[in-house]
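J.:
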Amino acid sequence: MKADIRVCADWENAHERPVYTLADSCPDCGAAAVNSAPAPFDPEDPYGEYRRALNRRVR
Ligand SMILES: [Zn+2]
-10 MKADIRVCAD WENAHERPVY TLADSCPDCG AAAVNSAPAP FDPEDPYGEY
40 RRALNRRVR
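-10 is the number of the first residue of the sequence shown in the working numbering; add one for each residue after it.
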């Protein structure tokens, strides 16, 4: 059984790192919070590191 921890659906744009919550919306930016198990945030995502590195470079 998956934990019902959710992650901000817009964290890549709104935050430096994933924002986890148990609520339906992000406590920081108010965006929808989605189940953290499937995409968009996958800790196993082989391209995640690269994508986040790019994201940081753009700032
Ligand atoms: Zn957020």
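A virtual CB, placed ideally from N, CA and C, is assigned to each residue, including glycine. Note that the coordinates shown come from a computational prediction; the quantities given were computed from them, not determined experimentally.
Return the chain-ordered list of same chain residues with a C-beta closer than 6 Å to the C-beta of V8, the five sequence neighbours on each side being excluded.
T.: As a working mapping, residue 8 is identified with position 19 in the sequence shown. Around V8: C(-3), W0, C15, D17.
J.: What separation, rounded to the nearest whole angstrom, lies between the Cα atoms of V23 and A42?
T.: In the sequence shown, the residue the question calls residue 23 occupies position 34. In the sequence shown, the residue the question calls residue 42 occupies position 53. Looking at the two C-alpha atoms, the distance is approximately 23 Å.
J.: Would you list the residues sitting across from A22 in a DSSP beta bridge?
T.: Taking the sequence shown and counting its residues from 1, the one referred to as residue 22 is at position 33. Answer by DSSP bridge pairing, in chain order: C(-3).
J.: Cα separation between R45 and A20?
T.: What you label residue 45 is simply residue 56 of the sequence shown in a count that begins at 1. What you label residue 20 is simply residue 31 of the sequence shown in a count that begins at 1. Going from the Cα of R45 to the Cα of A20 covers about 21 Å.
J.: Given that a residue counts as buried once 16 or more other Cβ atoms are within 10 Å of its Cβ, and exposed if not, what is R6?
T.: By one-based count along the sequence shown, residue 6 stands at place 17. Classification of R6: exposed, given that the 10 Å Cβ count is below 16.
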